[in-house]
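Participant: Residue numbers (numbering that gives the first Met the number 0), protein chains in the order written: chain P, 0 to 369; chain S, 0 to 317; chain W, 0 to 335.
Yeah, the Cβ is synthetic: ideal placement off N, Cα and C, and Gly gets one too.
Quantities reported herein were computed from a predicted structural model and do not represent experimental measurements.
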Amino acid sequence: MTRLLNAEHLRASYRTPDGREVTAVDDVSVYIDEGEVLGVAGESGCGKTTLGSIISLTARPPLYVDSGTLEIDGKVQDLGGNRQVERTWRGSIVSFLPQGAMNAVSPTMRVRDLVYDVVRAHDGSIKKDEALDRARDRLTSLGLPARALDAYPHQLSGGMKQRTVTIISTLLNPRLLIADEPTSALDVSSQKALCDMLLEMLEKRIIYGVVFVTHDLPVLREVANRIAVMYAGKIVEIGGAAELTERPRHPYSAALLGSVLSPEPRYRRIRVAGIPGAPPNLANPPAGCRFHPRCGVSYPECHTEEPPHVGDELRFSKCFWAQKHPGEAVPLQKVTSDDINAGDITADGYVHGENEPEDATTTTVAEVSA
Amino acid sequence: MKISNLTPRFWVAAALLGFTLLLGAVGPYIVNTDPNAVIGGLYDPPNGSSIAMWLGTDNEGQSVMANLVYGIRTSLWVGLVAGAVATLIGVIIGLVSGYVGGYIDDILSAITNIALAIPTLIVIILVSVALQTRTPTILALVIGFTAWPWLARAVRAQSTSVRTREHIDVARLSGARSITILAWDVLPYLLSYVVMAFVLQVSAAILFEATLSLLGLGPSGSVSLGIMLYWAIAWGSVRTGAWWAFLPPTIMLSIISFSLLLLQSSLDEVFNPRLRRGKLRRRRAAAEERADSQLAAASPQVGEAPAIETPVTTGGGR
Amino acid sequence: MALARYLGRRAIWYVVVLFVALALNFYLPRLVPGNPVDAIVANLTRGGGATGEAARETYETYMREFGLDKPLWQQFLIYIQNLFQGDLGTSFAQYPASVNSLIGEALPWSLALQIPAILIGWIVGNALGAIAAFKGGWFDRGAFLSSLFLTSIPYYCLAIVLLYVVGVQLGLLPVGGAYSFGLSPEFSLAFFGDAITYFWLPFWSLVLVFIGGQAVGMRSMAIYELGADYVNYGRGLGLRDRTITRYGFRNAMLPQITGLALSIGAMIGGALVTELVFSYPGVGTLLFNAIGQNDYPVIQAIALLITLAVLAANFAVDILNGVIDPRIRAAQTGER
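1. If you draw a straight line from the alpha carbon of W/P296 to that of S/T111, how long is it in whole angstroms?
2. Going along the chain, which residues of its own chain have a beta-carbon closer than 8 Å to the beta-carbon of P/E20, five neighbours each way excluded?
3. Tell me whether P/R248 is buried or exposed, calling it buried when 16 or more other Cβ atoms sit within 10 Å of its Cβ.
4. Since P/Y63 sits in a beta bridge, which residues does DSSP pair it with?
5. Count the other C-beta atoms from every protein chain shown that fall within 10 angstroms of the C-beta of W/F18, then say buried if there are 16 or more, exposed otherwise.
6. I'd like to know if P/D72 contacts chain W, where contact means its C-beta is closer than 7 Å to some C-beta of that chain.
7. Within 7 Å (strictly less), CB to CB, does W/Y197 reach chain S?
8. So the alpha helix (DSSP H) S/A83 belongs to, where does it begin and stop?
9. Name the chain W residues that come within less than 7 Å of S/T245, Cβ to Cβ?
10. Are the CB atoms of S/G82 and S/F257 within a distance shorter than 7 Å?
11. Are the beta-carbon atoms of S/V154 and S/V90 separated by less than 7 Å?
12. Should P/M42 and P/S28 be called a contact, given that it needs their Cβ atoms to be closer than 7 Å?
13. Can you tell me where the alpha helix (DSSP H) with P/Y298 in it begins and where it stops?
14. What residue range does the beta strand (DSSP E) around P/V84 cover?
15. Which chain W residues are close to P/D25, counting only those with a beta carbon under 7 Å from its beta carbon?
16. Rounded to a whole number of angstroms, what is the C-alpha to C-alpha distance between S/A203 and W/L259?
17. Is W/G291 close to chain A? Criterion is C-beta to C-beta, closer than 7 Å.
18. Alpha carbon to alpha carbon, what distance is there between P/C294 and P/M196?
19. Can you list, in chain order, the residues of the region 88-100 of chain P whose Cβ is nearer than 8 Å to any Cβ on chain W?
20. What three-state label does DSSP hand P/G38 in the structure shown?
21. Residues in the same chain with beta-carbon distance under 6 Å from W/E224, minus the five sequence neighbours each way, listed in chain order, please.
22. Could you please give me the residues that DSSP links to S/T56 through a beta bridge?
23. Within 7 Å (strictly less), CB to CB, does P/Y63 reach chain W?
24. Can you pull the DSSP bridge partners for W/R140?
25. Quick check on the DSSP output: what are the complete alpha helix (DSSP H) runs of length 4 or more inside the region 181-253 of chain P, in order along the chain?
26. Apart from the five residues on each side of it in sequence, which residues of its chain come closer than 7 Å, Cβ to Cβ, to P/M0?
27. With which residues is P/D179 paired in a DSSP beta bridge?
28. Just to confirm before moving on: does the CB-CB distance between W/A158 and W/S204 stay below 7 Å?
29. Does the Cβ-Cβ distance between S/A146 and S/T119 come in under 7 Å?
30. Thinking P/T49 and P/L69 are a contact (beta carbons under 8 Å), I'd like their distance in whole angstroms, please.
31. Hey, is P/V114's beta-carbon within less than 7 Å of any beta-carbon in chain W?
32. Which residues does DSSP list as the beta-bridge partners of P/Y30?
33. Roughly how many angstroms lie between the CA atoms of W/N320 and P/V212, to the nearest whole one?
34. Return the residues of the region 205-228 of chain S that lie within a Cβ-Cβ distance of less than 8 Å from chain W, sorted by chain order.
35. Let me know if P/S188 comes out buried or exposed under the rule of 16 or more other beta-carbons within 10 Å of its beta-carbon.
36. Of all Cβ atoms in chain W, is any one closer than 7 Å to the Cβ of P/S297?
Pasting the structure below:
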């Protein structure tokens, strides 16, 4: 399997207007092989969208990439500081499918105008007919009507728009596609259509890899080969989709899976529990393992030391528990709201006495980036 | 409305307005001169002999200073009365139209839209021409009775949307009468908008009155800022360089117009929390303001009235 | 097609509004108690301006014209009838001059003043707003504040200040009128050269305020569009900055274009007081004089013209919006 993406030590922060710096993605490294769909999952504010925008080279103020290296298909791009990214990387090497394609196309343009501009930006000599023909072929080969090209955005339905935008994003045959919550605004059948289209593109080698960012775990189980679980700006576990969802090796993954409603018969009887508490304030994250205040199986060292990397680069978990129970799946979280009422854990996720911030306002990444 | 949310813009506007109000309220007592009393010759330049002479005399030998402070008072009075009347009418019609719906809504909307399409200044001019006596109050009423349409339409839009909310159903189920519902359940939601609209109406009314006066349709027998300017221009004070005759009312009118608009834009930030946080937010939401002010685009921005006061059209008569 | 149907409906609605406006135009001045003609004729004779014979002639002309002895609704019909023949009536104060001729003399001056002011103000103002939005920083703040200041000052206040500073104190430009005393209007270069000097001050007082307004509006729209999703997406696909900027400004321009149409429609009444300040012989001065002399036909005619222009501009905006903005086209035809 050839390596498609080596993203190493990515670090990015949001700089708020009043001068605070919140690290949204903290020393994250991901690896993707050709033909893979990597799912990135987590709660709102965990940094997954930010990670997606870093890899797709679309980070913009107030988000600043501090450091990191991207290696896609052998080509290396250092990030951070004032380093400029080559314009042509975007769209032809790594491309981006935004959340809510609703507004991805300017409302006063027809789709075909955008198509022509995109193709022309990478190949100045191309004629309009050629560009449109290419797009038309792509549309029909993936089962979409060619008339979508002539439409204005408001004339397309939600699902249709999302798929059309997917086609535009992959028109230049990028090696890697970053899809940011592509299914979140769609109904179930549109979701399926979109996922099928992504897989078909992979199969036809239009694209060679997908990073699928979402909070929707059931979708990932169907679509992704491997899943990366993010929490508070760090990746806490990575593993094969089927394996991770059956036998998670990080308490957060387990909690996340335990909070998912699944209508399938064998999961129906399992009680759904939320994860008490809330994600931590990234301006002042907890010491040690960032999840420890909400973790039901934490050890004393979790409070103070950085959890160890348990596993190899394609399948690992960053957890003391995983270290002490190698190969075992984490049992469902034992922390319930009774524990919060008992006063051991504060409502916003801090164990009393530890690392509580002075000011009451917590800033999640979601707020800052909104 | 926290004090901490008030931006420098608000304080500047409030200070300017406060200064104006002070001049109008307290000025006459300080200057202590009848504006109609002749105290000098034609366009005597200012001298320090008495407060009344700080701004010299006008074309009738009267104290400019005295006329100024009484004029501010009149202009403010007209603005406030007209603003209150226009706001009252606009809110009531808008509320009833939006909340009740049905054919009452159809009738009221038709009236509103027709009234909206006819330039306000024209109607005011026509009515003023026909009036025998023009006191400040009568003028204020005329302005108020013609300036309400844009507000009615905006309030109607908002009350239509509030009508469908659940707490209205609760109120209705518990037997409250429509009027009570309108007053206690619907109106509070619109309050922030109504306050801003009132400020806009006052500023527009003051400028309407000034335009009217400059055209010769001002309040007879009293002095207002517009009337002062009218006489200043008619008697060629600009040409003769008697700056004390025309600059004070000009400056006051500019200050009033500027500060009221500033106030309105800063109040927008207070009442609409989305506009508040940080500069980037503020800029991005300035555009939402802009979108909101599509509604207010129909509002009179006078001075040279018909130019900007015509409505941005939307579909049909609704 | 649906758009034509929608516009047809709007046209009918405008006709209704026009009718109401006509009724108001007709009826409001008649609120003056007493027979207006009596008062006018009395004024004429008292002022020594007419002998008994002439006075009776005047009286009869007006009675005929307005049919003041006939019932109100008939008078209204006569009024409408005259209008359709393009006859705006006869002036009271400048008898026997027809209103048409008076307006015909004044209107070109108003238009000549405002058309350049609006066009130039629009272009410069929008450019300024767009650049300010794009550049940001100090340029933006300075441009924004000064535009805000300019647009909130009434036109005539700026006019007065300009007149005083430039015309009187500095003596650079003439202080009143449209051309030098002794010349008469004609299409010659010499006349044009002279008239231009009288043109500058009123022109600048209009243009500066208009620039301010346009700049503020365009800046807001541009900032809004520059932060839009499609901008980020376009960037993510490797589009050049200038392509993306093109998209943004195209969207930001839409309301500005309709604003231009509306301003053009408001031209006739747009600079009433400014003309007064500069003694410019346009419609504003005409109206002012008419008001002073209770010259109702003139007042009515000007009011009517202004209303007509505004309604026509609104209708043009409806058409324009339907044509240039696909979203509005969809909303208008879909809604109805």
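Facilitator: By the coordinates alone:
1. Roughly 28 Å separates the two Cα atoms.
2. Non-local C-beta neighbours of P/E20 in its own chain, meaning closer than 8 Å and more than five positions away in sequence, comprise S12, Y13, R14, A282, ordered along the chain.
3. P/R248 is buried by the Cβ-count criterion.
4. P/S12, per the DSSP bridge assignment.
5. Classification for W/F18: exposed.
6. Look at P/D72: its C-beta is not under 7 Å from any C-beta on chain W.
7. Not a single CB atom of chain S sits nearer than 7 Å to the CB of W/Y197.
8. Looking at the DSSP string, the run of the alpha helix (DSSP H) that includes S/A83 is 63-99.
9. The sequence given here has Phe at residue 245 of chain S, not Thr. Residues of chain W passing the Cβ test: I159.
10. No; because the gap between Cβ atoms is not below 7 Å, this pair is not in contact.
11. Here S/V154 is near S/V90, since their CB atoms are less than 7 Å apart.
12. Inspection of the sequence shows that residue 42 of chain P is occupied by Glu rather than by Met. Not a contact, by the Cβ cut-off of 7 Å.
13. The continuous stretches of alpha helix (DSSP H) do not include P/Y298, and DSSP gives it neither H nor E.
14. Per DSSP, P/V84 belongs to no beta strand (DSSP E) and is neither H nor E.
15. None at all; the shortest Cβ gap to chain W is about 23 Å.
16. Whole-angstrom Cα-Cα distance: 22 Å.
17. Included in the structure are the protein chains P, S and W, with no chain A among them.
18. Going by C-alpha positions, P/M196 is about 38 Å away from P/C294.
19. Listed by position along the chain: W88, R89, G90, S91, S94, F95, P97, G99.
20. For P/G38, the three-state secondary structure derived from DSSP is strand.
21. Hits under 6 Å: G247, N250, A251.
22. BP columns for S/T56 point to S/S62.
23. No, its Cβ sits nowhere closer than 7 Å to a Cβ of chain W.
24. Residue pairing for W/R140: DSSP places it in no beta bridge.
25. Taken in chain order, the whole alpha helix (DSSP H) runs of length 4 or more contained in the region 181-253 of chain P are 187-202, 216-222, 240-245.
26. Excluding sequence neighbours, P/M0 sits near D32, E33.
27. Answer by DSSP bridge pairing, in chain order: P/V212.
28. Taking 7 Å as the cut-off, the beta carbon of W/A158 is found closer than this to the beta carbon of W/S204.
29. Inclusion of S/A146 and S/T119 in the CB contact set at 7 Å is warranted, their separation being smaller than that value.
30. About 15 Å separates the two Cβ atoms, so there is no contact after all.
31. It does not: the Cβ of P/V114 has no partner Cβ on chain W nearer than 7 Å.
32. Residue pairing by DSSP places P/Y30 opposite P/N5 in a beta bridge.
33. Going from the Cα of W/N320 to the Cα of P/V212 covers about 39 Å.
34. Hits within the stretch, in order: L206, A209, T210, L213, L214, G215, L216, L228.
35. Flag for P/S188 reads exposed.
36. No Cβ of chain W is located within less than 7 Å of the beta carbon of P/S297.
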